[in-house]
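Undergrad: Everything in the sequence shown is counted per the numbering used here, starting at 2 for the first residue and increasing by one.
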Amino acid sequence: MEIKLASKIGFCYGVQRAYEKAVELSKSGEKVYLYGDLVHNNEVKKDLLNRGILSFESLDVLPEDSGEAICIIRAHGVPKKDKEYLEKNFKKIVDLTCPIVENVFKYAYEMQKKGYFIVAYGKKEHAEMIGLKGNIDEEKVIILREPTYVKSDKICIITQTTMDYNNFKNFSSEMVKLCDYNEILIKDTICYETKIRENEAKDIAIWAEFVIIIGGKHSSNTRKLYEISKKYNENTVHIDSVNELKEMQITKQYNRVGILTGTSTPNKSLEEVIEYLRRGFDG
Ligand code: SF4
Numbered sequence: 002m003e004i005k006l007a008s009k010i011g012f013c014y015g016v017q018r019a020y021e022k023a024v025e026l027s028k029s030g031e032k033v034y035l036y037g038d039l040v041h042n043n044e045v046k047k048d049l050l051n052r053g054i055l056s057f058e059s060l061d062v063l064p065e066d067s068g069e070a071i072c073i074i075r076a077h078g079v080p081k082k083d084k085e086y087l088e089k090n091f092k093k094i095v096d097l098t099c100p101i102v103e104n105v106f107k108y109a110y111e112m113q114k115k116g117y118f119i120v121a122y123g124k125k126e127h128a129e130m131i132g133l134k135g136n137i138d139e140e141k142v143i144i145l146r147e148p149t150y151v152k153s154d155k156i157c158i159i160t161q162t163t164m165d166y167n168n169f170k171n172f173s174s175e176m177v178k179l180c181d182y183n184e185i186l187i188k189d190t191i192c193y194e195t196k197i198r199e200n201e202a203k204d205i206a207i208w209a210e211f212v213i214i215i216g217g218k219h220s221s222n223t224r225k226l227y228e229i230s231k232k233y234n235e236n237t238v239h240i241d242s243v244n245e246l247k248e249m250q251i252t253k254q255y256n257r258v259g260i261l262t263g264t265s266t267p268n269k270s271l272e273e274v275i276e277y278l279r280r281g282f283d284g
């Protein structure tokens with residue numbers, strides 16, 4: 002069996018950076034809390050908890066010992082007011098927001114200062130979009146998945162860093178036709194890491210007889226890879242770990258298997274899948 006791995010595989014730059022810093026903190030001897038998920042991957046969360054990092058999910062119930070602890074801020078960023086609240090209540094904050102995401106927040110903020118109304122192509126409920134809204138003027142931004150009428154003298158369209166490039170282009174051109182404005186500006190803010198993986202998904206899906214996409218079920222970029230691959234190859238599965246692949250009880254022999262991962266998939270998950278394939282989908 003031939004196995005083809007995508008060239009960009011495992012953690013992306015922002016996730017690697019956040020993970021390494023979190024691991025370093027876990028060895029510091031300090032009490033460390035994680036607010037929510039560092040990234041959208043259960044294996045990463047389990048790994049950090051095993052290293053002694055604690056977690057809490059809501060600002061309504063802070064840990065009792067927060068005043069003596071360090072708090073890590075996730076790679077997707079958090080609203081400014083949440084960060085300020087954490088700063089007041091914890092001994093120290095370590096902000097691990099990906100610099101690429103931070104740049105998008107800064108860009109949107111600067112454009113608002115220049116009088117633009119921000120239209121962000123993204124998922125309202127995604128942590129990055131919640132972070133975006135909370136770091137700029139909430140009254141002058143709208144997060145949309147579908148083209149929707151907006152009226153403003155100046156409109157600036159940006160996108161969540163993990164959205165599909167072609168869908169963003171279609172969305173933007175529909176917005177240009179639909180909206181009322183004097184000036185409209187389109188800025189592609191999709192992260193290069195996700196774009197490369199997206200292009201490879203198509204090529205690998207065409208080449209392979211069976212495609213495995215490894216990554217968290219809540220990971221936006223992993224789901225996008227799955228959708229692209231599925232379009233070109235019906236035999237595509239999305240798993241978050243080798244156990245899920247085992248449960249599928251695949252008996253068919255494949256000569257060409259392609260593997261892609263989301264940007265928050267640890268190498269360990271990838272290695273376990275490869276080992277299982279090498280044994281011929283056995284054990
Ligand atoms: S996908 Fe890009 S923007 Fe998102 S964490 Fe990775 S490097 Fe940062």
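Even glycine gets a Cβ: it sits at the ideal position worked out from N, Cα and C.
1) Do leucine 133 and alanine 109 count as a contact pair if the criterion is CB distance below 8 Å?
2) Tell whether a beta-carbon distance below 8 Å holds between phenylalanine 57 and tyrosine 86.
3) Which residues mark the beginning and the end of the alpha helix (DSSP H) in which alanine 19 is found?
4) Please look up how many angstroms separate the CB atoms of asparagine 183 and lysine 155, rounded, as I've assumed it's under 8 Å.
5) Check whether the segment 100-107 and the segment 42-59 are in contact - that is, three or more C-beta pairs closer than 8 Å.
6) Below 6 Å CB to CB, which residues in the same chain sit around glutamate 140 once its five sequence neighbours on both sides are set aside?
7) Any heavy atom of the ligand SF4 inside 7 Å of the beta-carbon of tyrosine 14?
8) Rounded to the nearest angstrom, what separates valine 177 and glutamine 161 at their Cα positions?
9) Counting C-beta neighbours from all protein chains within 10 Å, is the total for threonine 223 16 or more, i.e. buried, or is it exposed?
10) Less than 8 Å between the beta carbons of methionine 164 and glycine 123, yes or no?
11) Which partner residues does aspartate 181 have in the DSSP bridge list?
12) Taking 7 Å as the cut-off, is the beta-carbon of glutamate 85 closer than that to any non-hydrogen atom of the ligand SF4?
TA: On the basis of the supplied data:
1) As a working mapping, residue 109 is identified with position 108 in the sequence shown. As a working mapping, residue 133 is identified with position 132 in the sequence shown. Yes, the pair counts as a contact, with Cβ atoms nearer than the cut-off.
2) Sequence index remark: in the sequence shown, residue 57 carries index 56 (1-based). Sequence index remark: in the sequence shown, residue 86 carries index 85 (1-based). Cβ atoms of phenylalanine 57 and tyrosine 86: not closer than 8 Å.
3) Counting from one through the sequence shown, the residue named residue 19 turns up at place 18. Alanine 19 -> alpha helix (DSSP H) spans 14-27.
4) As a first step, residue 183 is located in the sequence shown; it is residue number 182 there, counting from the start. As a first step, residue 155 is located in the sequence shown; it is residue number 154 there, counting from the start. 7 Å between Cβ atoms; contact.
5) No contact exists between the segment 100-107 and the segment 42-59.
6) Position 139 of the sequence shown, counted from the start, is the residue given in the question as residue 140. Cβ within range, chain order: n/a, list empty.
7) Within the sequence shown, the letter at position 13 stands for residue 14. Inclusion of tyrosine 14 in the 7 Å shell around the ligand SF4 follows from its C-beta lying nearer than that to a non-hydrogen atom of the ligand.
8) The residue you call residue 177 lines up with position 176 of the sequence shown. The residue you call residue 161 lines up with position 160 of the sequence shown. For valine 177 and glutamine 161, the distance between alpha carbons rounds to 18 Å.
9) Within the sequence shown, residue 223 is the residue found at index 222, counting from 1. Under this definition threonine 223 is a buried residue.
10) The residue given as residue 164 occupies position 163 in the sequence shown. The residue given as residue 123 occupies position 122 in the sequence shown. It is a contact, given that the beta carbons lie within the stated cut-off.
11) Position 180 of the sequence shown, counted from the start, is the residue given in the question as residue 181. DSSP output for aspartate 181 lists Lys152 as bridge partner(s).
12) Within the sequence shown, the letter at position 84 stands for residue 85. False, no ligand heavy atom lies under 7 Å from that Cβ.
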